[in-house]
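The sequence shown stops at residue 478 when you use our numbering, and every number in between is there.
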Amino acid sequence: MMMEAADFERKDGYYNERLQPVDEKICELLKQRKELAEGNPGHPLKVVVKEWAEKYGFYEEYLHTVFSTLNLEDMYKPRVKPNEFRCQIPVMRSAEQLGVFYSVVTVRQYSNASVAVLSADWEESFNLHYSERIHCEFVLEIQGDQPYDCRMENGSGTTGKMSQNFIISPPLPDDLSNIEFRVRAYNDYGKEDPVGPEIVLV
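Next comes the structure, spelled out in structure tokens:
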């Protein structure tokens with residue numbers, strides 16, 4: 277079983293104290309990069325990474341790995357584990373995009389979180405390769421009267437269907453009339469290559 281990032285306790289080891297001012301500067305630049313990216317950093321072009329590798333004396337693949345890792349900050353957020361189940365609330369919201377039908381039917385309410393199941397359904401074409409039939413990653417975002425953290429917990433799929441559980445915190449109100457469920461699909465993991473614009477389930 278994969279250990280969650282939040283379960284790993286890093287221990288102090290050797291550290292060259294002369295690096296501290298440089299490392300703090302790196303943290304400052306990471307913060308600046310995060311603010312400029314506004315949640316969608318992407319990845320530098322290969323030709324640019326090659327140029328930087330030659331200019332600063334790094335291996336290209338090393339820099340690609342660094343920039344890919346910079347896009348994974350959300351993986352290290354503390355995970356909320358739903359407890360004290362209260363009820364299920366009907367949602368019945370859906371939308372279609374490029375032949376894929378997205379829906380959220382119900383939300384499970386807990387004392388400290390909500391859980392929504394996002395389903396994606398499509399007409400299977402057996403003569404197509406898997407990567408041409410369905411997108412790799414789906415992102416569910418919640419908009420309401422306050423910020424909501426919405427993180428994919430697990431999922432499963434079969435022929436023509438995929439379902440993913442998203443943990444939402446703080447918990448949604450029982451009255452969902454002012455809550456929007458927004459979906460965006462990507463052709464590659466790490467929010468790479470968006471399929472199209474974000475869609476709202478209605």
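Glycine included, C-beta positions come from ideal geometry on N, C-alpha and C.
Please work out which residues of its chain come closer than 8 Å, Cβ to Cβ, to residue i, disregarding the five sequence neighbours upstream and downstream, and give them in chain order.
i, result
"Gln-419", "Ile-455, Glu-456, Arg-458"
"Leu-346", "Leu-306, Arg-309, Pro-317"
"Arg-362", "Gln-385, Tyr-386, Ser-387"
Using a Cβ-Cβ cut-off of 7 Å (strictly less than) and excluding sequence neighbours within five positions of residue i, which residues of its own chain qualify?
i, result
"Arg-460", "Val-415, Pro-470, Glu-474"
"Ile-508", "In the structure as shown, the chain begins at 277 and stops at 478. Residue 508 is therefore absent and cannot be evaluated."
"Arg-286", "none"
Which stretch, first to last residue, makes up the alpha helix (DSSP H) that contains residue i?
i, result
"Gln-308", "296–313"
Bridge partners of residue i, per DSSP?
i, result
"Gln-430", "According to the sequence as given, residue 430 is Asn; it is not Gln. Answer is Asn-441."
"Val-459", "Leu-416, Ile-475"
"Asp-425", "Ser-445"
Verify the CB distance criterion: does residue i have a CB-CB separation below 8 Å to chain B?
i, result
"Val-323", "No chain B is part of this structure, which consists of one protein chain only."
Check for me: the beta strand (DSSP E) holding residue i runs from which residue to which?
i, result
"Leu-452", "No beta strand (DSSP E) holds Leu-452; DSSP gives it neither H nor E."
"Val-476", "475–477"
Under the three-state reduction of DSSP, which class applies to residue i: helix, strand or coil?
i, result
"Glu-236", "Residue 236 lies beyond the stretch modelled for the chain, which goes from 277 to 478, so this question has no answer here."
"Val-323", "helix"
"Arg-286", "coil"
Can you find the residues in the same chain that come closer than 6 Å, C-beta to C-beta, to residue i, ignoring five residues on each side of it along the sequence?
i, result
"Met-438", "Ala-396"
- Task: Within the segment 330–404, note down every full alpha helix (DSSP H) run reaching 4 residues or more, in order along the chain.
- Result: Entirely contained in the segment 330–404, the alpha helix (DSSP H) runs reaching 4 residues are, in chain order, 336–346.
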